[in-house]
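Asks: One structure is given below, represented as structure tokens, and several questions about it will come after.
In this note's numbering, the protein residues as written are 867 to 1023.
In structure tokens:
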């Protein structure tokens, strides 16, 4: 796999790790659909396999196929250590393969908050600009989550 690239991101939060884990990480795509992606895109979720736990495969689709569907598989969930692993699945010439592996992890901090860490490994070539865009988007999504949880406007500084 010559075109492997990876990146990591850390975000400090004042919100407790358990709350971030259960309301942001475990429901990440649903959170995006409800709070970030415009409703007119008509996002639907279909569980293709499993019950939501490890091994489950879900499909996120858009109304009228405005955007490509996103298929992902839950690779690991550690409720005690606040760790969640998933794989994005792509299809090419009738064959499915894991295009991206993601690990989301939370570390509790002494002040009652946490540090959110995400590590991605992409098995396709992506540019440094694309990596920076992914990091910026994830940071923005997390800021929206924090604003909702703390009832603050993310544009207030």
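By construction, the Cβ of each residue, glycine as well, lies at the ideal position given by its N, Cα and C atoms. Every value quoted in this text rests on a predicted model; they were computed, and no experiment measured them.
(1) I'd like to confirm the pairing. Which residues does DSSP put opposite residue 1002 in its beta bridges?
(2) Give me, in chain order, the residues of the same chain whose beta-carbon lies closer than 6 Å to that of residue 869; leave out the 5 immediate sequence neighbours on both sides.
(3) For the pair the region 896 to 908 and the region 868 to 885, tell me if three or more CB-CB distances fall below 8 Å.
(4) Which residue from 1005, 933, 894 puts its Cα closest to that of residue 1039?
(5) Any heavy atom of the ligand PLP closer than 7 Å to the CB of residue 932?
(6) Compare the Cα-Cα distances from residue 850 to each of 928, 888, 873 and report the closest residue.
(7) Who are the near neighbours of residue 944 in its chain, counting only those whose CB is closer than 8 Å to its CB and skipping five residues on each side?
(8) For residue 990, report the span of its alpha helix (DSSP H) as first-last.
(9) Pick from 896, 922, 930, 929: whose alpha carbon is nearest that of residue 953?
(10) Grab me the residues of residue 824's own chain with a C-beta within less than 8 Å of its C-beta, minus the 5 sequence neighbours each way, in chain order.
(11) With a 10 Å radius around its C-beta and 16 neighbouring C-beta atoms as the bar for buried, classify residue 920 as buried or exposed.
(12) First and last residue of the beta strand (DSSP E) that includes residue 969?
(13) State buried or exposed for residue 884, treating a residue as buried only when at least 16 other CB atoms are found within 10 Å of its CB.
(14) Is it true that the CB of residue 939 sits closer than 8 Å to the CB of residue 955?
Replies: Short version:
(1) According to DSSP, which records beta bridges pairwise, residue 1002 is partnered with nothing at all.
(2) Excluding residues within five positions, the ones whose Cβ falls inside 6 Å are 990, 991.
(3) Too few Cβ pairs lie closer than 8 Å, so no.
(4) Here the chain comprises residues numbered 867 to 1023, so residue 1039 is not present and cannot be evaluated.
(5) The ligand PLP is absent from the structure shown, which contains no ligands of any kind.
(6) The structure shown has nothing for residue 850, since the chain only spans 867 to 1023.
(7) Here residue 944 has 950 as same chain residues with Cβ atoms under 8 Å from its own Cβ, once five neighbours each way along the sequence are excluded.
(8) Counting along the chain, residue 990 sits inside no alpha helix (DSSP H), nor does DSSP assign it H or E at all.
(9) Looking at the Cα atoms, 922 is the closest of the given residues.
(10) Lying before the first or after the last residue shown, residue 824 is absent from the chain, which here runs from 867 to 1023.
(11) Answer is exposed; the Cβ neighbour count stays below 16.
(12) Looking at the DSSP string, the run of the beta strand (DSSP E) that includes residue 969 is 961 to 974.
(13) Residue 884 comes out exposed.
(14) Closer than 8 Å, so yes.
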